[in-house]
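Asker:
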Amino acid sequence: MIELPCHSVPAHRTPWRTWFPTGYPGLGSLTEHIRATGHGRWWADRPRNPRAGAVACAGHVLLGGDPRVLAPGALAPFARSYVAAPDRFLPLLGAAFVRLVPWERMVWVREDTTGRTAAPAGTTVRPLTAADTPAVRALGTDLSWLAESWGGPAALAASGHTQGAFHDGRLLALACTYFLGGRYEDIAVATLPPARGRGLARACVTALSADITTRGRTPSWTCSRDNHPSRALAAATGFRLVREYVHYATGAAADPAGRGQRLPAGLPTA
Numbered sequence: 001m002i003e004l005p006c007h008s009v010p011a012h013r014t015p016w017r018t019w020f021p022t023g024y025p026g027l028g029s030l031t032e033h034i035r036a037t038g039h040g041r042w043w044a045d046r047p048r049n050p051r052a053g054a055v056a057c058a059g060h061v062l063l064g065g066d067p068r069v070l071a072p073g074a075l076a077p078f079a080r081s082y083v084a085a086p087d088r089f090l091p092l093l094g095a096a097f098v099r100l101v102p103w104e105r106m107v108w109v110r111e112d113t114t115g116r117t118a119a120p121a122g123t124t125v126r127p128l129t130a131a132d133t134p135a136v137r138a139l140g141t142d143l144s145w146l147a148e149s150w151g152g153p154a155a156l157a158a159s160g161h162t163q164g165a166f167h168d169g170r171l172l173a174l175a176c177t178y179f180l181g182g183r184y185e186d187i188a189v190a191t192l193p194p195a196r197g198r199g200l201a202r203a204c205v206t207a208l209s210a211d212i213t214t215r216g217r218t219p220s221w222t223c224s225r226d227n228h229p230s231r232a233l234a235a236a237t238g239f240r241l242v243r244e245y246v247h248y249a250t251g252a253a254a255d256p257a258g259r260g261q262r263l264p265a266g267l268p269t270a
């Protein structure tokens, strides 16, 4: 596939808007996030009148269009990613990568944001600013994924879309808008392991949800079906389940002959 300059993609026009509709929670905010932040990439089988396309940000990929116009090697840029695509793409995905693992996902929304959890004693929950960039970096590599959709710690800290819990000047937990849409903001949250179990994540989530509501949008939440702590936190902070779907964790690109891993048993092939 050919990578396209972001400014050249008329995402509001057919076929792009058909392949990647906006105004939905979860990954439905991904293309809008790229437009708003400039962080992400667009791909197509050809620069004009595309028949198939892709959009990618922070390791998440959406595919749309006609998979028959693509060879397995065309998907090589999406190795070691999380790919969401219509079922008709599954044979192509199975041929494109040496490993393809289905991963069940859940999408939640929070309509009522009147409740806000107080910060634990000795802890301050507040919005992050550009001055907090070193604190975000200090979270370490295990939590660096939180900033990927914004392009790094500096952009996340300065985004105006993050709430953090601080104790003695140290950032212990944060909740941030991961994908910024026009109707929904899909959030992410994490806490340093030694600080877990103190209610910090809950306080950050409710504070961020209040901010999102003030901006006229609805908070959404996406997690793996088997991530029980995340599901429990979503439920505890007022989110309700609205949708489930499957995306696919890809391995390395297959060899040029297109020999990938066979689809796991039970997956649809069309």
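full-length UniProt numbering puts the first residue of the sequence shown at 1, with every later residue one more than the last. Cβ atoms here follow ideal geometry from the backbone N, Cα and C, with glycine treated the same way.
Starting from TRP43, trace the beta strand (DSSP E) in both directions and tell me its first and last residue.
Answerer: Here the beta strand (DSSP E) through TRP43 covers 41–44.
Asker: Counting along the chain, where does the beta strand (DSSP E) carrying HIS167 start and finish?
Answerer: Start and end: 162–167.
Asker: Please name the residue, chosen from PHE20, GLY59, GLY26, that lies closest to GLY151 on a Cα-to-Cα basis.
Answerer: Closest by alpha carbon: GLY59.
Asker: VAL107 lies in the beta strand (DSSP E); which residues open and close that run?
Answerer: That run of the beta strand (DSSP E) goes 100–109.
Asker: Excluding the five sequence neighbours on either side, which residues of its own chain have a C-beta within less than 6 Å of the C-beta of GLY65, listed in chain order?
Answerer: Cβ neighbours of GLY65 beyond the five flanking positions: TRP19, ARG51, ALA52, GLY53.
Asker: Drop a sphere of 10 angstroms on the beta-carbon of residue 272, count the other beta-carbons inside from all chains shown, and report buried for 16 or more, exposed for fewer.
Answerer: Because the chain is modelled from 1 through 270, residue 272 falls outside the range shown and cannot be assessed.
Asker: Tell me whether PRO127 sits in a helix, a strand or coil according to DSSP, three-state version.
Answerer: The answer is strand: DSSP assigns PRO127 an E or B state.
Asker: Taking the alpha carbon of ALA44 as the point to measure from, which residue in PHE78, GLU104, THR22, PRO91 has its own alpha carbon closest?
Answerer: The shortest Cα separation from ALA44 among PHE78, GLU104, THR22, PRO91 belongs to PHE78.
Asker: Using the three-state DSSP reduction, which class does PRO25 fall into: helix, strand or coil?
Answerer: DSSP places PRO25 in coil when its eight states are reduced to three.
Asker: Once you ignore the five residues that flank ALA265 on each side, which residues in its own chain have a CB closer than 7 Å to its CB?
Answerer: Residue placement at ALA265 cannot be trusted, given a pLDDT of 36 that sits under 50; what the coordinates show is reported in the next sentence. Same-chain partners within the cutoff: there are none.
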